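Residue numbers (this note's numbering): 208 to 597.
Heads up, the beta-carbon is just placed ideally off N, CA and C, and yes, glycines get one too.
Keep in mind it's a predicted model, so treat the numbers as computed, not measured.
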Amino acid sequence: MRALLQRWLPGPATTNLREQLRGAAGMLLGLFIGALLCQQLLATSQLHISLIAPMGATAVLLFALPASPLAQPWSVIGGNVVSALVGVACVHWLGASLNPALLGALAAALALTAMFALRCLHPPGGAVALITVIGGPAVQAAGYHFAMLTVLANSAMMVLLAILYNNLTGRSYPHTQQAHIANLHATKDEVPTVRLGFKPDDLDAVLRQYNQVLDISRDDLHALFMQTEQRAYQRRFGMLTCGDIMSRDIVSAEFGSCLEDAWRVMREHRLAALPVLNRADRVIGIITLADFLEYGGLNDIHGLNHQLKKFLRKSGITHTEKAEVVGQIMCKQATTVHIDTPIADLVPLMADSGLHHIPVIDHEQRFAGMVAQSDLIAALYERRLAEAVA
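Given below as structure tokens:
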């Protein structure tokens, strides 16, 4: 019996106490403030109902599961309002001929069908459909006004409060879907990280075979699988970090370094990128050969040498629109990694995002070195070679 009961119990929660309290506080504020605002908004309504009971279930989804597909704005507003309309229609058309219990069950079932069809599945919608049937004479007499006034106002207000609260407490809402990673070279090839691992088509096929509603979006599920794959790689090949493979004796530039000097240094050391540091040795940007080509207008191959010399040469005047120093053409949003970052985390950055050189920072956020694609390839090769020998 004990083993049977253990099989019925859900798995342990993966959220910490802070996240649980964040959701509970959001639900408290959302329902309280929502009720007060709806009370003012619906003061002239004949129902005098400021908040309907299904909003409690809606609040659980909005504040505790804001990433759920069932908690997105269209799911909440569309699901609740459509369910209310279905319930009202059932009362008007079938209320006199059906047993109330059967009428309520039919309204909830039809509401579910409508939510599936309109892609606004929201579990509290079933309760909304049911309350239109068993809510009493006042609710039934209000009819479509109940759906288009009370339910709509309640749902919209809860969504607005969820947008405000979730984003203020560090949870993105509405939850944005993961964008498809496009090939940077504008070809039909998949990005490198999905050529050998599982592909989106594989996930779609498995989901069709599973054929059940999941309380997680397909894109989030794909992202979780990718992160799990990275952790499995780390466990299998050891915990090599960026600090283990980075280059430490790095030539760098400052914001005010002359373009000519930066170009000469990159040519002398055969570098494709220079980290740009401030006086505290913190990374403020990165400058690459691509930046020189872009800002120098070096698109005409026949005049390339002349254009490059013209771009690098100082203008000799104090005020000019021409770029004179590194800080004017560098990429200010430089992607950095920590010295303790596992090298597995570099793969999507370098393979899919097209980054060839990434600055590495230490525990004090100061520049510590650079890791290049060649460093990553060498590390992966050495690790696989050591595994083969063993």
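When the five nearest sequence neighbours on each side are left out, the beta carbons in the same chain lying within less than 6 Å of the beta carbon of L359 are those of V288, in order along the chain. With 16 or more other Cβ atoms inside 10 Å of its own Cβ, D582 counts as buried.
Inside the region 319-357, DSSP marks whole alpha helix (DSSP H) runs of 4 or more residues at positions 331-341, 344-349, from first to last along the chain. Runs of alpha helix (DSSP H) with 4 or more residues, each lying fully within the region 445-494, are found at 449-452, 466-475, listed in chain order. For P273, the CB contacts under 7 Å within the same chain, skipping 5 residues up- and downstream, are A369, N373, R378, Y380, H382 in chain order. Judged by their CB atoms, L562 and T542 are nearer to each other than the 8 Å cut-off. Here DSSP, grouped into helix, strand and coil, assigns I546 to coil. Here the C-alpha atom of V567 lies approximately 23 Å from the C-alpha atom of D468. In the DSSP assignment, V567 is bridged to V544, G576.
M557 is positioned such that its CB atom lies no closer than 8 Å to that of Q540.
The beta carbons of A530 and I536 sit closer together than 8 Å. In the three-state reduction of the DSSP assignment, V267 falls in the helix class. A contact between stretches requires three or more CB pairs, one per stretch, nearer than 8 Å, and the region 328-342 meets this requirement with the region 305-316. Assignment of V420 by DSSP, reduced to helix, strand and coil, places it in the coil class.
Within the DSSP bridge table, the entry for V295 names no partner. Going by beta carbons, S424 and P307 fall outside the 8 Å limit. The region 241-251 and the region 209-219 do not touch, with fewer than three beta-carbon pairs separated by less than 8 Å. When A250, T320, L235, G576 are compared, the shortest CA-CA separation from G263 is found for L235. P407 is the residue among P407, I452, N485 whose C-alpha sits nearest the C-alpha of L431. For H476, the closest alpha carbon among the candidates G492, C297, P280, I457 is that of I457.
Non-local beta-carbon contacts of A363 in its own chain, meaning distances under 7 Å to residues more than five positions away in sequence, involve I284 in chain order. By the criterion of a C-beta distance shorter than 7 Å, V532 is surrounded in its chain by F462, G463, S464, C465, L466, once the five residues flanking it on both sides are discounted.
The region 249-268 makes contact with the region 344-355, as at least three CB pairs between them are under 8 Å.
With distances taken between CA atoms, Q247 lies nearest to L356 out of L356, A497, A231, T222.
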